[in-house]
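Inspection log for the structure reproduced underneath, given as structure tokens.
In UniProt numbering, the protein residues as written are 1 to 428.
Laid out in structure tokens, this is it:
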């Protein structure tokens, strides 16, 4: 069976000079990753060591009802803590002891750093080590930073998973590890396709429960499902695991190449691969074709926000017929991004980091048909007459693999169709 996606461009963007921006940047807090992580990890609890602002952010983002028993909370740093007048470590010990006494279902506790805890140099790694010894073997305590001072919001998940890797046991078993928190239905689709090819055993990081643990070793092969997991990638490399580098599974082409690269590592025949993927590939192509009709020939401009920008630009240009003007990403990790950069044809500016005022000037001058950006920039750009797409929606919506390919195209086409309809109504 011949592959039916477009051939790679004669020259991709992997060697395109990158515009490095190191000015003022617009970021969203990494604490938001807790919203999807706490749903995925059923016996984990996330304790944010931060301010009342951190608590309000999480409650607003999660829509927690007052009578619910959530698996995240905030240990509030009061003025005396911030002024160094109180022993913050002692207070943290007290809060954690009370929490674990009240919630015996917690098997994994994450101490999550915030802007306030980092400003006062509160050593949460030391606290986690001390508490792990105190509460072992019933509870494992880890720490990571969810601060938004220098990072973007998806790096909260990356920091969390990277913190988990060193404590996983050693193993010599040859296993496939899928890395990244996906909605359950999407994860089940991916595992179902791989198992149908005879690939296994398959593990997932993060696992639903700590008892689902598995090891990491030189025979572990891992595939990233999210492009922002660069610290986790480095942590797995240090454990000796082997990275399966592939385009990310967005759209029919990305999903097929992601699956094909894994299949090659496990000796899956072309016939078996075609048998498993032919029907879902056909559905994905049809769905993308229908959903992307409004996108053909349109231009798109990406502000750096989620680190999904490069694979999404590849999807929009190769499967939806768009032209990318600029593709900005908070950070470009070549080992992770090269497969997608190889498929992205030369032409767009590839930018790393941000100098927001200069990038806004470039965007307004280019006047793209669609601008993908953070919430803080969307309204000003809409006021300038530009059509925008909120980048954060692409993280909170199921968009991976074949069955979601049409939905992914629809997320981009809806604002374009809405703007076209408004223009027609104005003309009438």
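No residue lacks a Cβ here, since even glycine has one placed at the ideal position from N, Cα and C.
Host alpha helix (DSSP H) of residue i (start-end)
i: residue 108; result: Unbroken run through residue 108 is the beta strand (DSSP E), 108–113; no alpha helix (DSSP H).
i: residue 126; result: 124–135
i: residue 296; result: Per DSSP, residue 296 belongs to no alpha helix (DSSP H) and is neither H nor E.
i: residue 191; result: 184–196
i: residue 164; result: 155–164
i: residue 367; result: Counting along the chain, residue 367 falls outside any alpha helix (DSSP H), and DSSP gives it neither H nor E.
i: residue 34; result: 33–40
Short Cβ contact (8 Å threshold) for residue i with residue j
i: residue 113; j: residue 354; result: no
i: residue 370; j: residue 390; result: no
i: residue 201; j: residue 161; result: no
i: residue 300; j: residue 316; result: yes
i: residue 222; j: residue 236; result: yes
i: residue 154; j: residue 46; result: no
i: residue 77; j: residue 116; result: yes
i: residue 270; j: residue 152; result: no
i: residue 373; j: residue 388; result: yes
i: residue 88; j: residue 74; result: no
i: residue 181; j: residue 110; result: no
i: residue 268; j: residue 197; result: yes
i: residue 398; j: residue 179; result: no
i: residue 443; j: residue 273; result: Any property of residue 443 remains undetermined from this structure, which presents the chain solely from 1 to 428.
Straight-line Cα distance separating residue j from residue i
i: residue 216; j: residue 170; result: 5 Å
i: residue 123; j: residue 100; result: 20 Å
i: residue 165; j: residue 203; result: 13 Å
i: residue 85; j: residue 48; result: Caution applies to residue 85, whose pLDDT of 49 falls short of 50 and renders its modelled position unreliable; the model cannot decide the point.
i: residue 368; j: residue 39; result: 37 Å
i: residue 343; j: residue 95; result: 50 Å
i: residue 329; j: residue 102; result: 42 Å
i: residue 357; j: residue 366; result: 14 Å
i: residue 172; j: residue 238; result: 15 Å
i: residue 145; j: residue 422; result: 43 Å
i: residue 252; j: residue 288; result: 8 Å
i: residue 174; j: residue 276; result: 23 Å
i: residue 411; j: residue 35; result: 21 Å
i: residue 246; j: residue 409; result: 21 Å
i: residue 349; j: residue 91; result: 49 Å
i: residue 302; j: residue 402; result: 24 Å
i: residue 133; j: residue 338; result: 41 Å
i: residue 136; j: residue 210; result: 13 Å
i: residue 244; j: residue 308; result: 18 Å
i: residue 327; j: residue 416; result: 19 Å
i: residue 313; j: residue 177; result: 26 Å
i: residue 21; j: residue 362; result: 13 Å
i: residue 413; j: residue 341; result: 23 Å
According to DSSP, residues forming a beta bridge with residue i
i: residue 373; result: 390
i: residue 203; result: 177
i: residue 327; result: 302 and 350
i: residue 345; result: 12
i: residue 19; result: 351
i: residue 144; result: 112
i: residue 242; result: 221
i: residue 250; result: 400
i: residue 216; result: 170
DSSP three-state assignment for residue i, whether helix, strand or coil
i: residue 149; result: coil
i: residue 222; result: strand
i: residue 71; result: coil
i: residue 209; result: coil
i: residue 76; result: strand
i: residue 102; result: helix
i: residue 170; result: strand
i: residue 56; result: helix
i: residue 310; result: helix
i: residue 85; result: Unreliable positioning characterises residue 85 in this predicted model, as indicated by a pLDDT of 49, which lies under 50. The coordinate reading is nonetheless provided below. Here residue 85 sits in coil by DSSP.
i: residue 265; result: helix
i: residue 406; result: helix
i: residue 321; result: coil
i: residue 384; result: coil
i: residue 339; result: helix
i: residue 29; result: coil
i: residue 334; result: helix
i: residue 273; result: helix
i: residue 358; result: helix
i: residue 121; result: coil
i: residue 288; result: helix
i: residue 316; result: helix
i: residue 139; result: coil
Span of the beta strand (DSSP E) around residue i
i: residue 49; result: 44–50
Distance cut-off 7 Å: residue i Cβ against heavy atoms of the ligand GDP
i: residue 117; result: With respect to the ligand GDP, the structure offers nothing, as it holds no ligand at all.
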